[in-house]
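Novice: Residue numbers for the sequence shown follow the numbering used here, beginning at 149 and rising by one.
Supplied in structure tokens, the structure appears directly below.
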Amino acid sequence: MKHTESTLEEVRDDKGFFGHPRAIGTLALGNFCNSAAWGAFYALMIYYLYTPFSKGLGFSQGDAALMIAAMGAANGLLNIVGSWLSDRVLGMRKALILGNLLKAIAFFILAIPPTSQVFGQTMAYIALVLLSMPIMGMSNASLTGQLYRKEDARRRDAAFTIHQFANTVAGIITPVVVGQIGLSNYHIGFAVAGVFALLYGAAIFFTQYRFFGPLGEAPIKPLSARERQRILKGLVIGLVVLALIIAALVLTKHFNLNAIINAVTTFAFVVPICFLVNLFTKKDLTARDHTHLQAFLWFFFAQIVMALGATLLTSAIAIFLDKKVNRVIFGITIAPGSLQVIYMVMDLIAGPIFIFLWTKTRAGAIRTTYKYGMGLLVTALAFFTLTIPSLILGGSGSSGYSLWWVLIYYAFMALSDQLVGPIGSSLVSGLSPESYETQLQTAWNQTAAIGNAIAIIFFKFFQTADQQVYLFPIVAVALVAVALVLTVFSRHIERQMAA
149 MKHTESTLEE VRDDKGFFGH PRAIGTLALG NFCNSAAWGA FYALMIYYLY
199 TPFSKGLGFS QGDAALMIAA MGAANGLLNI VGSWLSDRVL GMRKALILGN
249 LLKAIAFFIL AIPPTSQVFG QTMAYIALVL LSMPIMGMSN ASLTGQLYRK
299 EDARRRDAAF TIHQFANTVA GIITPVVVGQ IGLSNYHIGF AVAGVFALLY
349 GAAIFFTQYR FFGPLGEAPI KPLSARERQR ILKGLVIGLV VLALIIAALV
399 LTKHFNLNAI INAVTTFAFV VPICFLVNLF TKKDLTARDH THLQAFLWFF
449 FAQIVMALGA TLLTSAIAIF LDKKVNRVIF GITIAPGSLQ VIYMVMDLIA
499 GPIFIFLWTK TRAGAIRTTY KYGMGLLVTA LAFFTLTIPS LILGGSGSSG
549 YSLWWVLIYY AFMALSDQLV GPIGSSLVSG LSPESYETQL QTAWNQTAAI
599 GNAIAIIFFK FFQTADQQVY LFPIVAVALV AVALVLTVFS RHIERQMAA
């Protein structure tokens, strides 16, 4: 089939999916499958890593947390590469197909029951490396936007709402089902994740010509012959240097998990800094742009602390749920990975409430810095909540923490998500220099990589569940300190923003 089967105008005029182009149905299914696959992965992976062999892989709790944080850091860094590949080399549709194929391979590797502990751990390393290579970038969101004409804002906004709904439904259903499966067999859960990844890629593959027409078939800005030659040369040199470094580490017996994690940690700090320096030194920036970028930095550093807290959610707090919390309800043991659905439901309820507050009440007039600062304080309260039972029960060795403490933590986090997430994205959009909004959004997203890198450093000192509970007050105090700084300098920041 050829893409001329559906022209661009036919695609944009299409109303075959609830008044939207049929491609939105494909992309919404893709978002559902993506959230389902990752939801299944995160509901199981950290527990699979530290559960004793042969049910799990027998890593220590500290190493398991390190590996999850390292993957998060690498994923955040390489997302830049994924977006570049999509825009300059593959085209968005191929990026989605190949990216999901790669992801499915990683999940299916984890679905193979290992014949030995060494074999299983080796397969886990390979899978985590593959999952750290997000070839898709932002292709789904970019394709969604291109399916509508610029003046068709109403349908475009509704399309992203459909995607959000698909993500939320998958995020609620999958952890519960797969988490409970994981209590008896982790490998079935990983196989489920692999099937969802394949389904996403297949949906794009089989509908791409009829539903998308020419959209996403070719790179937006393909490489010229000269650029391809230069990049290929640089890639070869880079691979040779990397091979030499790995060979030297192997020969000196320094090539191990710590060496890989140290490299990821270093890059997680260096790459975002270089990216920011490059952005700040653009010659076409005006004095007003520079003032706005100075305001951006206040929030950038605050967001790093928020990102650290988010990293703990899939690492230290996941271990906390497993090892420290009483999860028996009405005689039924709830899988630790299934509990996150409570957080997602609370988030779903909080969203419309805050939309009403910001648009229909005087709350919308509150200063942006104050809204963001409140979000930091609410997040701090969430982590202080998890500190209280440690003080009451004595911390070390205790494992009978009431589930109520977790519910209160989730409630605070759901509130902070509505204050920090949308407000942060809005701030970045408002402060972005003309023609550099995508780059500033990318810089903002790099806070996740830095947050993961800081978590990696912490996990080297806080290895077990008993030790990691001390991270909760540390993060809480850091959040309070950052919130106070933003409050004290709020007028100065607001002046920079208004310049």
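Here a beta-carbon is modelled for each residue, glycine too, at the ideal position from N, C-alpha and C.
#1: Where H151 and G239 are concerned, what is the direct C-alpha to C-alpha distance, given to the nearest angstrom?
#2: Ignore the nearest five residues each way along the sequence and tell me which others in A596's own chain have a CB closer than 6 Å to its CB.
#3: What span of residues does the alpha helix (DSSP H) with R436 cover, start to end?
#4: Exposed or buried, P581, counting other C-beta atoms within 10 Å across all chains shown (16 or more means buried)?
#5: How big is the Cα-Cα spacing for A318 and Q312?
#6: The alpha helix (DSSP H) spanning Y273 covers which residue range?
#7: For A511, is the classification buried or exposed, using 16 other Cβ atoms within 10 angstroms of its Cβ as the cut-off for buried?
#8: Does DSSP classify Y584 as helix, strand or coil?
#9: On a Cα-Cα basis, can you pick out the residue from E365, Q442, I409 that is closest to R241?
#10: Pick from A191, K298, D432, S372: whose alpha carbon is nearest that of A341?
#11: Evaluate the contact criterion for the region 208-226 versus the region 347-359: three or more CB pairs, one atom per stretch, below 8 Å.
#12: How should G330 be labelled, buried or exposed, when 16 other C-beta atoms within 10 angstroms of its C-beta is the threshold for buried?
#13: The alpha helix (DSSP H) spanning M240 covers which residue range?
#14: Just reading off the alpha helix (DSSP H) that K381 is part of, what are its end residues?
#15: Do the CB positions of Q209 and T612 come within less than 7 Å of each other?
#16: Check this for me: beta carbons of I409 and I604, under 7 Å apart or not?
#17: Could you have a look at Y713 and say whether DSSP puts it in helix, strand or coil?
#18: Rounded to whole angstroms, what's the CA-CA distance from Y198 to F207? Just pull it up for me.
#19: Between which two residues does the alpha helix (DSSP H) holding Y198 run?
#20: For E299 and T309, I'd like the C-alpha separation in whole angstroms.
#21: Go ahead and label L588 buried or exposed: buried means 16 or more other beta carbons lie within 10 angstroms of its beta carbon, across all protein chains shown.
#22: What's the C-alpha gap between L246 and M281?
#23: Would you tell me roughly how many angstroms separate the C-alpha atoms of D235 and S154, rounded to the nearest one?
#24: When we look at the beta-carbon of V489 and count the other beta-carbons within 10 Å, is it buried (16 or more) or exposed?
#25: Is it right to say L363 is buried, meaning 16 or more other beta carbons lie within 10 angstroms of its own, or is it exposed?
#26: Taking the DSSP output, what are the residues bridged to Y549?
#27: Consult DSSP for T429 and reduce its assignment to one of helix, strand or coil.
Specialist: The short version:
#1: Residue confidence is low: H151 scores 46 on pLDDT, short of 50, so the model does not pin down where it sits. No coordinate-derived value is stated.
#2: G224, A455
#3: 435-461
#4: buried
#5: 10 Å
#6: 265-279
#7: exposed
#8: coil
#9: E365
#10: A191
#11: no
#12: buried
#13: 240-259
#14: 373-399
#15: yes
#16: yes
#17: Missing from the structure shown is residue 713; the chain here goes from 149 to 647 and no further.
#18: 5 Å
#19: 170-198
#20: 18 Å
#21: buried
#22: 11 Å
#23: 22 Å
#24: buried
#25: buried
#26: V473
#27: coil
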